[in-house]
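Numbering (the numbering used here), first residue to last: 773 to 1149.
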């Protein structure tokens, strides 16, 4: 069955929970019985991002059993047993000595934001104050440990507590770590926090006027403005110096904007800042895998997940025919044996596809304040 772009979400009689084959297929392939999401393309590691995304999908599916397993595994293994005192470490896997453990205890702000948001909404939708209180504690800790004031730019969220502040005035930031619906939610749910200022700074970070309107993976921000930046990791010996680009991280910028409520006040301005992808897909069949800082396409043909990610964005910009082309490509790349997308079915592609197809099938929507509207509720 092909991907549907228009459904009956919100109409009387259309709120019954429907089976979600992609989520079930994802769980079979990437989720173990303990609640650990396994990235099989990266030495079977687990990231806080994977756990946070899976918690969101479990909530969308009213899958409380899996949600609790994901939460329990995350808290026990990534947060030293207590998410009220520790943001989750971003990277867990097999060490060189053969031990399975935390490999990098730095937290990742995108995972932290999505996990806190999902816990808060789980508390509201499942009427369980434990989830809500845990989500609120996480949000308070994010505000203290990851929210920063960037001179000349404003208040924003650093990618993590450590390693992204190379000098006294500049930060290395990742625009895909700033999902508009989630930040707008925090702005409304916790007006006493820094979140309104974080939302206010989004246009200066995303509408960069660089890359000919394409989102970048990483940017450098400070008193002299915002510029494309290479990834913060040191280059591996024998490899070329990394260059600024828009690729695996940046693709989520389009996705987050596309799934935001159309009435979100900041959305129109933010969409105007990243017209490059829309313009490119007026004449190209597939999204580019990578563009450089000048907007030149370095690698033209992206995997299935990129097509999934741009569908909501193209719908938001009014390019419905182009969105349908990407939906057709995604459907053509579905493996009937696994019900997953791509050959092979990569972990990251499935996450992008889960967000996009659940939105396209209207399993979830955000309202203007960032709250979830779900088909089962």
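Ideal placement from N, C-alpha and C gives every residue a C-beta, glycine not left out.
For this session: Please confirm if the segment 1117–1124 is in contact with the segment 798–813, defined as three or more CB-CB distances below 8 Å between the two stretches.
Result: yes
Exercise. For residue 845, which residues from the same chain have a beta carbon less than 8 Å from its beta carbon, with the 5 sequence-adjacent residues on both sides left out?
Worked result: In the chain shown, residue 845 corresponds to position 73, counting from 1. The residues are 806, 807, 808, 823.
Exercise. Mind checking residue 1057: buried by the 16 CB within 10 Å criterion, or exposed?
Worked result: Sequence index remark: in the chain shown, residue 1057 carries index 285 (1-based). The residue in question, residue 1057, is exposed, as its Cβ has fewer than 16 Cβ neighbours within 10 Å.
For this session: Could you pull out every unbroken beta strand (DSSP E) segment of at least 3 residues lying fully inside the segment 795–872, listed in chain order?
Result: 861–866
Problem set entry | Whether residue 1074 touches residue 1114 by CB criterion (7 Å) | Mapped onto the chain shown, residue 1074 falls at position 302. Mapped onto the chain shown, residue 1114 falls at position 342. Contact flag unset, no.
Exercise. Among the residues of its own chain, which have a CB less than 6 Å from the CB of residue 858, if the five just before and after it don't count?
Worked result: Taking the first residue of the chain shown as position 1, residue 858 is located at position 86. Cβ neighbours of residue 858 beyond the five flanking positions: 851, 852.
Problem set entry | Classification of residue 790 by the beta-carbon crowding that lies within 10 angstroms, buried from 16 upward | Walking along the chain shown from the start, residue 790 turns up at place 18. Under this definition residue 790 is an exposed residue.
Problem set entry | Top-ranked residue by Cα proximity to residue 815, from 836, 793, 868, 987 | Within the chain shown, residue 815 is the residue found at index 43, counting from 1. Residue 868 is the option with its Cα nearest to residue 815.
For this session: Can you say whether residue 938 is buried or exposed, counting buried as having 16 or more other CB atoms within 10 angstroms of its CB?
Result: In the chain shown, counting from the first residue as 1, residue 938 sits at position 166. Exposed, because fewer than 16 other Cβ atoms sit within 10 Å of the Cβ of residue 938.
Problem set entry | residue 1038, DSSP secondary structure in three states | Within the chain shown, numbered from 1, the residue matching residue 1038 stands at position 266. Correct three-state label for residue 1038: coil.
Problem set entry | Candidates 1140, 1116, 1148, of which the one nearest residue 1130 by Cα | Locating residue 1130 in the chain shown gives position 358, counting from the first residue. The candidate whose alpha carbon is nearest that of residue 1130 is 1148.
Problem set entry | C-alpha gap between residue 1020 and residue 872, whole angstroms | Residue mapping note: residue 1020 aligns to position 248 of the chain shown, counting from 1. Residue mapping note: residue 872 aligns to position 100 of the chain shown, counting from 1. For residue 1020 and residue 872, the distance between alpha carbons rounds to 26 Å.
Exercise. Which residues mark the beginning and the end of the beta strand (DSSP E) in which residue 929 is found?
Worked result: Translated into positions along the chain shown, residue 929 becomes position 157. Unbroken beta strand (DSSP E) run through residue 929: 926–929.
Exercise. Skipping 5 residues on each side, what residues in its chain have a beta carbon closer than 7 Å to that of residue 1141?
Worked result: Locating residue 1141 in the chain shown gives position 369, counting from the first residue. If we look at residue 1141 and ignore the five residues flanking it on each side, its Cβ neighbours are 956, 957, 960.
Exercise. Can you name the start and end residues of the beta strand (DSSP E) that residue 997 belongs to?
Worked result: Translated into positions along the chain shown, residue 997 becomes position 225. Residues 997–1000.
Exercise. Would you call the segment 926–941 and the segment 877–885 in contact, with 3 or more CB pairs under 8 Å?
Worked result: yes
Exercise. For residue 979, which of helix, strand or coil comes out of DSSP?
Worked result: As a first step, residue 979 must be located in the chain shown, where it is residue number 207. Note: residue 979 maps to coil in three-state DSSP.
Exercise. Counting Cβ pairs closer than 8 Å, one from the segment 1040–1060 and one from the segment 984–995, do we hit at least three?
Worked result: yes
Exercise. Residue 1102 to residue 1080, Cα distance in whole Å?
Worked result: Numbered from its first residue, the chain shown carries residue 1102 at position 330. Numbered from its first residue, the chain shown carries residue 1080 at position 308. Approximately 6 Å between the Cα atoms of the pair.
For this session: Please list, in chain order, all residues of the same chain as residue 892 whose beta carbon is under 6 Å from its beta carbon, the five residues on each side excluded.
Result: Indexing the chain shown from 1 puts residue 892 at position 120. 904, 907.
Exercise. In terms of residue numbering, what span does the alpha helix (DSSP H) encompassing residue 1081 cover?
Worked result: Counted from its first residue, the chain shown places residue 1081 at position 309. Residues 1076–1089.
Problem set entry | Proximal residues to residue 1063 (C-beta, below 7 Å), its chain only, five neighbours per side dropped | The residue you call residue 1063 lines up with position 291 of the chain shown. Around residue 1063: 983, 986, 1017, 1018, 1069, 1070.
For this session: Please name the residue or residues paired with residue 993 in a DSSP beta bridge.
Result: By one-based count along the chain shown, residue 993 stands at place 221. DSSP lists 943, 998 as partners of residue 993.
For this session: Please state whether DSSP places residue 1066 in a helix, a strand or coil.
Result: Translated into positions along the chain shown, residue 1066 becomes position 294. It is coil, neither helix nor strand.
Problem set entry | Helix, strand or coil at residue 935 [DSSP, three-state] | One-based indexing of the chain shown puts residue 935 at position 163. Note: residue 935 maps to coil in three-state DSSP.
Problem set entry | Opening and closing residue of the alpha helix (DSSP H) in which residue 950 lies | Reading the chain shown from its first residue, position 178 is the one you call residue 950. Element bounds for residue 950: n/a, residue is neither H nor E.
Exercise. Quick one: is residue 780 buried, meaning 16 or more other Cβ sit within 10 Å of its Cβ, or exposed?
Worked result: The sequence position of residue 780 within the chain shown is 8, counting from 1. Low local confidence applies: a pLDDT of 43 at residue 780 is under 50, so the model's placement there is unreliable, and no value is given.
Exercise. Does the Cβ-Cβ distance between residue 1029 and residue 949 come in under 7 Å?
Worked result: Sequence index remark: in the chain shown, residue 1029 carries index 257 (1-based). Sequence index remark: in the chain shown, residue 949 carries index 177 (1-based). Result no, Cβ atoms of residue 1029 and residue 949 do not sit closer than 7 Å.
Problem set entry | Among 1107, 1132, 1118, 811, the one whose alpha carbon lies nearest that of residue 863 | The sequence position of residue 863 within the chain shown is 91, counting from 1. With distances taken between Cα atoms, residue 863 lies closest to 811.
Exercise. Do you know offhand how far residue 1127's Cα is from residue 870's?
Worked result: Residue numbering aside, residue 1127 sits at position 355 when the chain shown is read from its first letter. Residue numbering aside, residue 870 sits at position 98 when the chain shown is read from its first letter. Roughly 34 Å between the two C-alpha positions.
Problem set entry | Strand pairing of residue 874, partner residues [DSSP] | Within the chain shown, residue 874 is the residue found at index 102, counting from 1. In DSSP, residue 874 forms a bridge with 864.
Exercise. What's the gap between the Cα of residue 895 and the Cα of residue 1055?
Worked result: Walking along the chain shown from the start, residue 895 turns up at place 123. Walking along the chain shown from the start, residue 1055 turns up at place 283. Residue 895 and residue 1055: Cα-Cα distance of roughly 45 Å.
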